[in-house]
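*Asks:*
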Amino acid sequence: MTVNKLNEAFAAAGAAAWGGLPFSELAEEMTAEAIEKAEALCPGPRTVLVAAFPYYAGESGGNLSLYARGRDYHQVITRRLNTICNFLLQKYKNCRFLPGTDNSPLPERQGAWRCGIGLRGKNGLVILPPYGSYVFLGTILTDARLDLPPRIPSPGCAGCGKCQAACPGGALGAEGVDPGRCLSALTQRKGVLTEREQALIKAHPLIWGCDTCQQVCPHNAAPALSPLPEFRTELTASLTAEDLAGLTNRDFREKYGDRAFAWRGPAPLRRNLELQG
Ligand code: SF4
Ligand code: SF4
Numbered sequence: 014m015t016v017n018k019l020n021e022a023f024a025a026a027g028a029a030a031w032g033g034l035p036f037s038e039l040a041e042e043m044t045a046e047a048i049e050k051a052e053a054l055c056p057g058p059r060t061v062l063v064a065a066f067p068y069y070a071g072e073s074g075g076n077l078s079l080y081a082r083g084r085d086y087h088q089v090i091t092r093r094l095n096t097i098c099n100f101l102l103q104k105y106k107n108c109r110f111l112p113g114t115d116n117s118p119l120p121e122r123q124g125a126w127r128c129g130i131g132l133r134g135k136n137g138l139v140i141l142p143p144y145g146s147y148v149f150l151g152t153i154l155t156d157a158r159l160d161l162p163p164r165i166p167s168p169g170c171a172g173c174g175k176c177q178a179a180c181p182g183g184a185l186g187a188e189g190v191d192p193g194r195c196l197s198a199l200t201q202r203k204g205v206l207t208e209r210e211q212a213l214i215k216a217h218p219l220i221w222g223c224d225t226c227q228q229v230c231p232h233n234a235a236p237a238l239s240p241l242p243e244f245r246t247e248l249t250a251s252l253t254a255e256d257l258a259g260l261t262n263r264d265f266r267e268k269y270g271d272r273a274f275a276w277r278g279p280a281p282l283r284r285n286l287e288l289q290g
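Take a look at the structure:
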């Protein structure tokens with residue numbers, strides 16, 4: 014399979030950029046446990062392909078993070094990656110091709126940076142001009158040895174520090190993101206929160222996710238809109254207490270099961286709405 018053929022397959026699947034690297038190289042970024050999980054999924058892993066899919070649909074009011082307003086990216090990106098897996102299977106009939114997006118043991122961002130996809134943001138994100146950091150990453154893990162495009166590791170971002178200064182949770186430091194202080198993680202957390210965590214959510218404009226470090230980033234000053242219809246149409250920008258009132262977990266899944274904010278069920282959303290009063 015030539016790189017040109019793969020270029021065509023990734024473009025047809027809606028990827029704005031892609032790259033690939035030997036699994037052994039990505040393993041340098043992985044824990045022993047993650048390597049074991051990857052090898053259980055795909056014995057004898059040889060190659061990892063990484064792709065970026067834009068999701069920006071413009072700014073409008075709302076209390077859900079921009080990434081969560083369209084269709085659930087897990088479903089959308091997996092479906093799109095599967096078209097590439099099926100294409101590859103026609104040639105590599107005895108090989109495995111496993112798509113993943115935010116749900117695999119592979120460190121997607123490190124993979125993207127090692128492939129030279131976009132820039133390394135100080136906010137820990139992949140920044141891909143002209144889409145900014147509003148991209149989802151997906152991977153394909155395979156035991157096939159593939160021809161790959163040349164790799165020049167991603168350079169750093171403009172390094173202005175605006176993301177660190179604006180972060181409401183103080184989650185961004187020299188070591189990257191501290192998930193224990195990041196509103197994106199906190200708004201999704203189930204169970205009892207500390208007083209400090211509750212106060213952070215109370216003062217936050219969103220009940221799901223956080224866009225602050227992306228919105229202040231100069232690389233995101235005028236991001237291009239996503240060409241992918243799943244992320245541009247039928248958006249849900251906000252939820253109210255009334256939207257969730259009386260819904261059982263099953264009702265909630267039926268109503269919102271195709272949305273990325275649904276995976277934790279209605280409880281964290283209700284709690285966050287209540288905290289924000
Ligand atoms: S998503 Fe929000 S809380 Fe998390 S690092 Fe970015 S600005 Fe900070
Ligand atoms: S806000 Fe500045 S430091 Fe942060 S990711 Fe963007 S360019 Fe880099």
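Using the working numbering, read the sequence shown as starting at 14 and increasing by one per residue.
For every residue, glycine included, the Cβ atom is placed at its ideal position computed from N, Cα and C.
The structure displayed is predicted, hence computed values, not measured ones.
#1: Taking 7 Å as the cut-off, is the C-beta of K50 nearer than that to any heavy atom in ligand 2?
#2: Please check the pair A70 and L199, which I expect to be a contact at CB under 8 Å, by giving their CB distance rounded to whole angstroms.
#3: Comparing C-alpha positions only, which one of S78, E42, I165, G270 sits nearest to Q227?
#4: Taking just the CA atoms, how far does P192 sit from V148?
#5: Could you say if the stretch 60 to 70 and the stretch 18 to 35 meet the contact criterion of at least three C-beta pairs nearer than 8 Å?
#6: For ligand 1, is there any heavy atom lying closer than 7 Å to the beta carbon of N8?
#7: What is the chain-ordered set of residues for which the beta carbon lies under 6 Å from any non-hydrogen atom of ligand 1?
#8: With three or more C-beta pairs closer than 8 Å as the rule, is the stretch 116 to 125 touching the stretch 176 to 195?
#9: According to DSSP, is V63 helix, strand or coil?
#10: Measure from the alpha carbon of A273 to the alpha carbon of each residue in A237, F244, I97, then state which is nearest.
#11: With hydrogens ignored, establish whether the beta-carbon of P281 is closer than 7 Å to any heavy atom of ligand 2.
#12: Out of D85, R283, F36, which one is the CA nearest neighbour of R202?
#13: From the DSSP secondary-structure annotation, give me the bridge partner or partners of P112.
#14: Would you report the Cα separation of V16 and P58, rounded to the nearest angstrom?
#15: If you draw a straight line from the alpha carbon of E188 to that of N136, how long is it in whole angstroms?
#16: Assuming G124 and G151 form a contact by the criterion Cβ under 8 Å, report the distance between their Cβ atoms to the nearest whole angstrom.
#17: G222 and F81 - do their beta-carbons sit closer together than 8 Å?
*Replies:* Let me spell this out:
#1: In the sequence shown, residue 50 corresponds to position 37, counting from 1. No, ligand 2 has no heavy atom inside 7 Å of this Cβ.
#2: Residue mapping note: residue 70 aligns to position 57 of the sequence shown, counting from 1. Residue mapping note: residue 199 aligns to position 186 of the sequence shown, counting from 1. 24 Å between Cβ atoms; not a contact.
#3: For the purposes of this step, residue 227 is identified with residue 214 of the sequence shown, where counting begins at 1. Comparing Cα positions, the closest option is S78.
#4: Counting from 1 along the sequence shown, the entry for residue 148 is found at position 135. Counting from 1 along the sequence shown, the entry for residue 192 is found at position 179. Spanning the two alpha carbons is a distance of roughly 20 Å.
#5: yes
#6: Residue 8 lies beyond the stretch modelled for the chain, which goes from 14 to 290, so this question has no answer here.
#7: N136, C180, P181, G182, A184, L185, V190, C195, L196, S197, C223, T225, C226
#8: no
#9: Numbered from 1 along the sequence shown, position 50 holds the residue referred to as residue 63. In this structure, V63 counts as strand in the three-state DSSP scheme.
#10: Residue mapping note: residue 273 aligns to position 260 of the sequence shown, counting from 1. Of the listed residues, the one whose Cα sits closest to A273 is F244.
#11: Position 268 of the sequence shown, counted from the start, is the residue given in the question as residue 281. No; taking the cut-off as 7 Å, the Cβ of P281 has no heavy atom of ligand 2 nearer than that.
#12: Working through the sequence shown from its first residue, we reach residue 202 at position 189. For the residues D85, R283, F36, the minimum Cα distance to R202 belongs to R283.
#13: Here residue 112 corresponds to residue number 99 of the sequence shown, with the count starting at 1. Bridge partners of P112: I153.
#14: Here residue 16 corresponds to residue number 3 of the sequence shown, with the count starting at 1. Here residue 58 corresponds to residue number 45 of the sequence shown, with the count starting at 1. Going from the Cα of V16 to the Cα of P58 covers about 20 Å.
#15: The residue given as residue 188 occupies position 175 in the sequence shown. The residue given as residue 136 occupies position 123 in the sequence shown. Whole-angstrom Cα-Cα distance: 10 Å.
#16: Counting from one through the sequence shown, the residue named residue 124 turns up at place 111. Counting from one through the sequence shown, the residue named residue 151 turns up at place 138. Between G151 and G124 the Cβ distance is about 10 Å, and since that is not below 8 Å, they are no contact.
#17: If you number the sequence shown from 1, residue 81 lands on position 68. If you number the sequence shown from 1, residue 222 lands on position 209. The displayed chain sequence assigns Ala, not Phe, to residue 81. For A81 and G222, yes; Cβs fall inside 8 Å.
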